[in-house]
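Here the structure is laid out as structure tokens; the discussion comes afterwards.
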Amino acid sequence: MGNEKDSKTRESTSRGQDSCKRTLNICNGDKTIPDYCQTLQVTDTHGNVKQLLFPRGLDLDRPKRSRTTFSTEQLNHLEDEFQRNQYLAGRDRSQLADKLGLSETQIKVWFQNRRTKHKREKTRDMEQQKSMAETNATCNVLRLLQANTPTQLFTPTPDLYLLPPKF
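Quick note on the working numbering: the sequence shown kicks off at 7 and runs consecutively.
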């Protein structure tokens, strides 16, 4: 009886994605939890108790790290450096970290996030330009159709396709 309770709350290390897929099948079948898994019971808003399965390697009790808040001066230096060079590595990253009082990891992550933001902005700008070009083309076609001088529209006939092209 004590063994059954222990097996449901047993914790262990993760052995990869394939093992976790098998674990789900094992847990659904005979309700035993492998050594490399841990469980967490939660109650949803409807009062239903659910048992969640995680690899033991996850530290579920550890508090989440707080978000880094950069000062205006630090952000200005980081933005200036990003404008000069989008990829900062080695000694340059170390020097910038020392100058700003940040860790090299913080500098590295800031540059990764800034490159992602730059790519997103660039994509958005390209989409806006494409949309504007399509809008301008539509407006030009409407102007041609509404012009006072009638233009003769060319409608191809089926026998036209039989003629050889003229060069």
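The beta carbon of each residue, even a glycine, is placed where N, CA and C say it ideally should be.
On a predicted model such as this, the values are computed, not experimentally measured, just so you know.
Distance between S77 and K114 (C-alpha atoms, nearest Å): 17 Å
Could you compute how far the alpha carbon of A143 sits from the alpha carbon of K136? Each residue's Cα considered, the two are about 11 Å apart.
So, helix, strand or coil for Q215, using DSSP? Given that the chain is displayed from residue 7 to residue 173, the structure contains no residue 215 and the question cannot be resolved.
Counting C-beta neighbours from all protein chains within 10 Å, is the total for E87 16 or more, i.e. buried, or is it exposed? buried
Based on the DSSP secondary-structure assignment, which residues constitute the bridge partners of L58? L46
With H, G and I counted as helix, E and B as strand and the rest as coil, what does DSSP make of R73? DSSP places R73 in coil when its eight states are reduced to three.
Between which two residues does the alpha helix (DSSP H) containing T38 stretch? Taken as a continuous stretch (DSSP letters only), T38 belongs to no alpha helix (DSSP H), as it is neither H nor E.
Go ahead and label C43 buried or exposed: buried means 16 or more other beta carbons lie within 10 angstroms of its beta carbon, across all protein chains shown. buried
Does the stretch 89-108 come into contact with the stretch 58-72, if we say contact requires no fewer than three beta-carbon pairs (one atom in each stretch) closer than 8 Å? Proximity of the stretch 89-108 to the stretch 58-72 falls short of the contact definition, fewer than three beta-carbon pairs being nearer than 8 Å.
Between the CA atoms of D104 and Q118 - distance to the nearest angstrom: 19 Å
Relative to the alpha-carbon of R73, which residue among W116, M138, L148, R121 has its alpha-carbon at the smallest distance? W116
Quick check on Q89: buried or exposed, where buried means 16 or more other Cβ atoms within 10 Å of its Cβ? Its Cβ having fewer than 16 others within 10 Å, Q89 is exposed.
Let's test the definition: count the other Cβ atoms within 10 Å of the Cβ of Q152 and tell me whether it reaches 16, buried, or not, exposed. It counts as exposed.
Three-state secondary structure assigned by DSSP to L64: Coil.
Does the Cβ of Q134 have 16 or more other Cβ atoms within 10 Å, making it buried, or fewer, making it exposed? exposed
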